[in-house]
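Numbering-wise, numbering that gives the first Met the number 0 puts 243 at position 244 of the sequence shown, and it's gapless, one number per residue. Glycine included, every Cβ here is placed at the ideal spot set by N, Cα and C. This one's a predicted model, so the numbers in the text were calculated from it and none came from an experiment. Here is the structure we will look at, set down as structure tokens.
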Amino acid sequence: MKTALDRIIDYKHDEVRALKCARSLTDLESAARNASPVRGFAAALTAIARNDQNALICEIKRKSPSAGDILPGADPVEIAQDYERGGAACLSVLTDMPSFGGSLEDFASIRAAVSIPMLRKDFMIDPVQIIEARAYGADCILIIMSAVDDVLASELHDCATHYGMDVLVETHDEEEVERALRLPSPLIGINNRDLKKMITDLSVTERLAPMLPSNRHLISESGIADPDSIIRLRNVGSRRFLIGEWLMKQGSARAEEVTRLKLAC
């Protein structure tokens, strides 16, 4: 039986084929070269984490396979501005429509409205998606190790760095961490959510964090919902966190909640 991740990867292949038919590689490469300058994603996280504060990557997604509808009618620009006002280091913007309700149009609108770095959060399976991300102004892209083999991971990483972007390498188990450490990127995400079973458990970060050497930066992802979650993960060395669903649901208190989580210790 196919997992949720399998089904997503299946339609990503369809999306990539459609993209290659709709736009020439020459056109995309030109757009990527002429896009607005890259904002340093890893540097923005480090600028906050080095002061022992929590560097937050705040995420925008209207729905997800695990949670269903989160905020279907959300104004992504308003939410992004709330996050920035609250002290987010960076943004993560879902650009997958079928499963997460996002789009590159959302990404472009947000990019024009904020000054902090942005991650294009999507399921990358072809370098053309990386080039497209930069064309829309992305500062960082995601490589999900459970979705790619080592050869493709390296190809995606090299394409991103060629265009000046940072790379967040996402893992969920010991084998994926070992594979991720073969890539040069300093940003290693540990996803507390199993993308195949859609089960979330903060102990995943606690178990895997000791595997990371000091020259890699741990980013704990998923399942973070209050200061206690932050404090628990700080105890295993994390100072960088990706938080989405919890913040999306905070409404008018969203900016204040970002500040509260940033200062939790």
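- For residue 229, there is no enclosing beta strand (DSSP E); the enclosing alpha helix (DSSP H) covers residues 226-233.
- In the DSSP assignment, residue 92 forms a beta bridge with 59 and 119.
- With a 10 Å radius around the Cβ and a threshold of 16 neighbouring Cβ atoms, residue 74 comes out exposed.
- Between residue 103 and residue 60, the beta carbon gap of about 14 Å keeps them out of contact (Cβ cut-off 8 Å).
- Contact between residue 145 and residue 98 does not hold, since their C-beta atoms are separated by about 15 Å, which reaches or exceeds 8 Å.
- Per the Cβ contact rule, the segment 104-123 is in contact with the segment 132-142 (3 or more Cβ pairs under 8 Å).
- Counted as a single uninterrupted DSSP element, the beta strand (DSSP E) harbouring residue 142 occupies residues 139-143.
- Following the DSSP letters along the chain, one finds residue 165 inside the beta strand (DSSP E) bounded by residues 165-170.
- Annotation: residue 242 is outside any alpha helix (DSSP H); the continuous beta strand (DSSP E) that includes it extends over 239-242.
- By the Cβ test, the segment 47-54 is in contact with the segment 235-247, since at least three Cβ pairs between them sit closer than 8 Å.
- The three-state secondary structure of residue 153, taken from DSSP, is helix.
- In the structure shown, the three-state DSSP call for residue 260 is helix.
- Around the C-beta of residue 11, 16 or more other C-beta atoms lie within 10 Å, and the residue is accordingly described as buried.
- Separation of residue 242 and residue 21 (C-alpha to C-alpha, rounded to the nearest whole angstrom) is 34 Å.
- Shown here, residue 54 sits in a strand according to DSSP, grouped into three states.
- Annotation for residue 85: no beta strand (DSSP E) segment contains it, though the alpha helix (DSSP H) segment containing it runs 75-85.
- Contact between the segment 172-189 and the segment 207-227 is present: 3 or more CB-CB pairs across the two stretches fall below 8 Å.
- Around the CB of residue 101, 16 or more other CB atoms lie within 10 Å, so the residue is classed as buried.
- Of all alpha-carbon atoms in 151, 27 and 36, the one lying nearest the alpha-carbon of residue 163 is that of 36.
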